[in-house]
Each structure stands twice: as C-alpha cells, then as structure tokens.
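Basically my numbering = 1-based index in the sequence shown + 14.
The C-beta atom is built at its ideal place from N, Cα and C for all residues, glycine as well.
All figures in this text were calculated on a predicted structure; none of them were measured in a lab.
One structure is given here, and the rest of the page talks about it.
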Amino acid sequence: MSGNTIGKLFSVTSFGESHGVALGCIVDGCPPGLPLTEADLQHDLDRRKPGQSRHTTQRKEADEVKILSGVFEGKTTGTPIGMIIYNTDQKSKDYSNIKDVFRPGHADYTYQQKYGVRDYRGGGRSSARETAMRVAAGGIAKKYLKQEFGIEIRGYLSQLGPIKAETIDWNEIDNNAFFCPDASKV
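Below, the structure is given as structure tokens:
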C-alpha cells in the first residue's frame, strides 16, 4: 500500500492503525537547531483529540505524543524525527458485531476493494484517528515557519452548510466545539 508518505523537502510517513498498539510517524527534512519539545506539539493534538464534545467520537484518548528520535537536548538534529502516540482506549470488541457489514459514510468498503484487506476495528488506516500524527508533524512545520519566517498558521470553521461566520474573533475559536470565530453562529 502506498500513500503513507506526504511531502518532498519536508516529508511525513505515518504508520499504525486506530485500534492497533500505536500511531506514529517519521518526519524527514526538518533542519537542525529548531527548539522542539513534546509540549510544543501537544496544544494542537489536544484540539483534535477525540471525546471532547458530543459532536465527535466518545472514545477517550490522551493523544500524548512521544518524540523518539531526531531531537537532542531540546533541539532538532537534522535527522529523521520519530514520534509515537499510544492508543489507550481502543475497544476492538465493540466492532465484532459489524465485522461483515460495511458502515455507511466510512471508507471500509472502498478500502477493502482497493487493498483487499479489511480492518473492521474502527477502520484501521482509514480512520480519522490517523490524522493525529499529521497534526503532530504539522506542529513541527508550524513552529519552524513561525520561527524562521514569522508565518503564523491558524484555522477555523468558516461555514457549515448555509451557516456562515460573519465576523472573525480569534479569541472565540477555542471557546466552542466547532472552532467557529463567530459566537452568534454557534
């Protein structure tokens, strides 16, 4: 299966499954000397982690990232950065009753047709949980861009169906489950 690596100069190769032991990634292309700790990445991971509102999965995961390599004495070394997040709240048995049923709105059927394999325990690699490592890797890129070029990366929900944010209040984004900058639209 290809498609687990994104990027050229700054590349991210992810591994792991939603109901496996862990999710992880290798980031290659980060220059040496960037101050980096796990705490630098945790804020963005905390924003995406599951179980924070009634609008997301109720699975409770701490999503605590561990840096395994590529950082020494708080600075990147220029070598590949290995990171991992252990899964702690996967309940694979919860999925045994749908082992032979494809879930509407999920990638189960497409995944089986494309690769000939089906991990019915929460979607395997096609689970949204796989994005955790992309967020961690993005945190490294975000920190580098801010430090080297003064570029700040931010995001918010601007529109959901016909409901559109009319004002942008950056302070409002973390005050609601939808990360919407317009409190009147939440």
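At a Cβ-Cβ threshold of 7 Å, P49 and K89 count as neighbours. Every alpha helix (DSSP H) of 4 residues or more that sits fully in the stretch 133-191 is shown, in chain order, as 145-163. S141 is positioned such that its CB atom lies closer than 7 Å to that of S32.
In this structure, DSSP gives L82 an extended state, which the three-state scheme calls strand. N101 counts as buried, since at least 16 other C-beta atoms from the protein chains shown sit within 10 angstroms of its C-beta. Boundaries cannot be given for D196, as no alpha helix (DSSP H) includes it and DSSP labels it neither H nor E.
Annotation: L23 to I40 spans about 13 Å, alpha carbon to alpha carbon. Straight-line measurement puts the Cα of Q127 at about 22 Å from the Cα of T145.
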